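Residue numbers (the numbering used here): 104 to 627.
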């Protein structure tokens, strides 16, 4: 006898099959539509305090003290403290100048090599308390700290290890205790200090002295855990190797701190360029004075605004914060001629970088990480400012890393700006920019090596409606957080590449007169 299939059972089987098919498709679709996480950071990566230092970009260094009144650069510590009398001292003016013209930090020489202290230290009488200024009750560090806090600027302090006045200098244990006592005063009396600057400067023939740097660094970490520490060998930021304000055209934030010594005869090329294989994150700092000397001298004149713009390209534009020294005069004020130059420098930067042509471009890429509907790593992220949005190519693509910028009409420009999301590590080691000419052919414009927090390349003026940024080499899958396309109408460069030839590492700027700098006085 043949059994007949029960139609109800058959129907239920079909319904169950359909249910599982739908469930499988739903789960598959759900998994594929989930956004991809960010790529793994490439070590080493910066600490938050190091990121903050890069973001600030520029700081003003205030060399001020006994040398301001004696005309010296390195005092011997034998001058009567009564000479120190800046009758018009106004720390609010210093801070206002810094803030108005784009500087985010102020750094004061709390004690220079002559040992004179700009705060009333209880460990020495060679300080403001023995001067005639404020009848011995003044405190330069305190007044600057108050002014900086009220204006929202960050405060940094320099405490010279070399002390030509203190009698115990040369006695290892006694002087290290003295130095740490003074450091403790500075880091506990004046609120937050975000930058501590020290070095190994010392003249020939001076007393031998062993500094307990590790103890000093531990003390700073304990008292001001958010502060970045500068020295030739870090631990947070390193010296670029010169006092000209110029970084290497290749400049890695990666470095081996163990390869250099504080105050030692270090390899200047290494400190300038960093190390693509370095184990430490230790960005370089470019320091330079607006005048010939570091302290104010009446006979000296400030550099021109165009010279400062050149230095900006060669410091900030090469992945290095610029520490620009602007020394107050013997009245206790920043001189009017220095202020004028800083104002013009600010106007130049604002004029050049105010408008980014890339913001009006259609941006597309050779590939993008994740699903095309996921905007987390999309090419358009590069026209947004900030480190935490960026374009990421498909990790499967090991060589074709290209971004395209298309404009509705031709644009004229001569500056390329790039940024990497440094919290993910510094990656790019070589790139170039092309433009499409009127015949539909790609023309090479400029090449570069490292990028880091910020890279600026100035080149001969070009015109095009389609640009191509090609990442040629990278330590890992490259990431781009920002692209800037600008027009600098004030400066012209003779070289358009910084790769392949060492002679091209020096940008020879030819400054042409424009309506802007013609308005300057003849003193520039």
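The beta carbon of each residue, even a glycine, is placed where N, CA and C say it ideally should be.
Remember, predicted model here, so these are calculated numbers, not experimental data.
Let me make sure I understand the geometry here. Which of the options has the alpha-carbon closest to that of residue i?
{"i": "residue 186", "options": "218, 244, 235 and 177", "result": "235"}
{"i": "residue 562", "options": "358, 522 and 518", "result": "518"}
{"i": "residue 214", "options": "230, 201 and 584", "result": "230"}
{"i": "residue 327", "options": "294, 345 and 302", "result": "294"}
{"i": "residue 165", "options": "584, 488, 394 and 453", "result": "394"}
{"i": "residue 467", "options": "221, 507 and 298", "result": "507"}
{"i": "residue 335", "options": "352, 373 and 347", "result": "373"}
{"i": "residue 531", "options": "576, 589 and 363", "result": "576"}
{"i": "residue 251", "options": "297, 278 and 280", "result": "297"}
{"i": "residue 414", "options": "478, 352, 438 and 433", "result": "352"}
{"i": "residue 354", "options": "289, 150 and 385", "result": "385"}
{"i": "residue 447", "options": "412, 480 and 435", "result": "412"}
{"i": "residue 442", "options": "478, 405, 459 and 452", "result": "405"}
{"i": "residue 232", "options": "206, 254 and 188", "result": "188"}
{"i": "residue 458", "options": "592, 190, 410 and 469", "result": "592"}
{"i": "residue 154", "options": "330, 300, 279 and 254", "result": "330"}
{"i": "residue 307", "options": "399, 514, 487 and 367", "result": "367"}
{"i": "residue 291", "options": "244, 478 and 263", "result": "244"}
{"i": "residue 302", "options": "320, 269, 263 and 496", "result": "263"}
{"i": "residue 210", "options": "167, 280 and 552", "result": "167"}
{"i": "residue 515", "options": "433, 548 and 544", "result": "548"}
{"i": "residue 403", "options": "255, 370, 271 and 429", "result": "429"}
{"i": "residue 333", "options": "364, 312 and 313", "result": "364"}
{"i": "residue 523", "options": "543, 409, 487 and 546", "result": "487"}
{"i": "residue 286", "options": "319, 313 and 521", "result": "319"}
{"i": "residue 52", "options": "553, 537 and 574", "result": "With the chain represented from 104 up to 627, any question about residue 52 goes unanswered, as that position is not in the structure."}
{"i": "residue 553", "options": "255, 375 and 478", "result": "375"}
{"i": "residue 147", "options": "254, 276 and 381", "result": "381"}
{"i": "residue 469", "options": "499, 216, 410 and 277", "result": "499"}
{"i": "residue 137", "options": "560, 594, 501 and 477", "result": "477"}
{"i": "residue 574", "options": "269, 255 and 550", "result": "550"}
{"i": "residue 560", "options": "156, 502 and 521", "result": "521"}
State the CB to CB distance for the pair residue i and residue j, rounded to an integer number of angstroms; the pair is presumed to be in contact (CB under 8 Å).
{"i": "residue 310", "j": "residue 273", "result": "4 Å"}
{"i": "residue 359", "j": "residue 339", "result": "No, residue 359 and residue 339 are not in contact; Cβ-Cβ is about 15 Å, not under 8 Å."}
{"i": "residue 431", "j": "residue 197", "result": "6 Å"}
{"i": "residue 425", "j": "residue 160", "result": "7 Å"}
{"i": "residue 267", "j": "residue 420", "result": "Residue 267 to residue 420, Cβ: 37 Å. No contact."}
{"i": "residue 208", "j": "residue 257", "result": "4 Å"}
{"i": "residue 377", "j": "residue 356", "result": "6 Å"}
{"i": "residue 391", "j": "residue 445", "result": "Not quite, the Cβ-Cβ distance comes to about 14 Å (not below 8 Å), so this is no contact."}
{"i": "residue 150", "j": "residue 473", "result": "With a Cβ gap of about 28 Å, residue 150 and residue 473 do not count as contacting."}
{"i": "residue 510", "j": "residue 464", "result": "5 Å"}
{"i": "residue 283", "j": "residue 322", "result": "6 Å"}
{"i": "residue 259", "j": "residue 300", "result": "6 Å"}
{"i": "residue 566", "j": "residue 497", "result": "Incorrect: roughly 32 Å between the Cβ atoms, too far for contact."}
{"i": "residue 578", "j": "residue 145", "result": "6 Å"}
Tell whether a beta-carbon distance below 7 Å holds between residue i and residue j.
{"i": "residue 239", "j": "residue 180", "result": "no"}
{"i": "residue 204", "j": "residue 449", "result": "yes"}
{"i": "residue 526", "j": "residue 555", "result": "no"}
{"i": "residue 539", "j": "residue 569", "result": "yes"}
{"i": "residue 586", "j": "residue 461", "result": "yes"}
{"i": "residue 142", "j": "residue 580", "result": "yes"}
{"i": "residue 227", "j": "residue 261", "result": "no"}
{"i": "residue 589", "j": "residue 455", "result": "yes"}
{"i": "residue 484", "j": "residue 471", "result": "no"}
{"i": "residue 418", "j": "residue 389", "result": "yes"}
{"i": "residue 304", "j": "residue 342", "result": "no"}
{"i": "residue 636", "j": "residue 201", "result": "Within the shown structure, residues of the chain are numbered from 104 to 627, placing residue 636 beyond reach of any answer."}
{"i": "residue 223", "j": "residue 242", "result": "yes"}
{"i": "residue 504", "j": "residue 583", "result": "no"}
{"i": "residue 191", "j": "residue 435", "result": "yes"}
{"i": "residue 396", "j": "residue 541", "result": "no"}
{"i": "residue 400", "j": "residue 174", "result": "yes"}
{"i": "residue 315", "j": "residue 279", "result": "yes"}
For residue i, which beta-bridge partners are listed by DSSP?
{"i": "residue 507", "result": "467 and 571"}
{"i": "residue 384", "result": "357"}
{"i": "residue 261", "result": "212 and 300"}
{"i": "residue 559", "result": "520"}
{"i": "residue 250", "result": "None; residue 250 has no bridge partner."}
{"i": "residue 58", "result": "Any answer about residue 58 is impossible in this case: the structure gives the chain only from 104 up to 627."}
{"i": "residue 88", "result": "The question about residue 88 has no answer, for the chain in this structure spans 104 to 627."}
{"i": "residue 162", "result": "208 and 426"}
{"i": "residue 577", "result": "531"}
At 3 residues or longer, what runs of the beta strand (DSSP E) sit wholly inside the region 164 to 232? 208 to 214
Segments of 4+ residues assigned as alpha helix (DSSP H) that fall wholly inside the region 275 to 345: 275 to 292 and 316 to 326
As an exercise, report each continuous alpha helix (DSSP H) stretch of at least 4 residues that is fully enclosed by the region 391 to 427, in chain order. 408 to 417
Just to confirm the assignment: which complete beta strand (DSSP E) runs, minimum length 3, are found wholly within the region 515 to 546? 531 to 539
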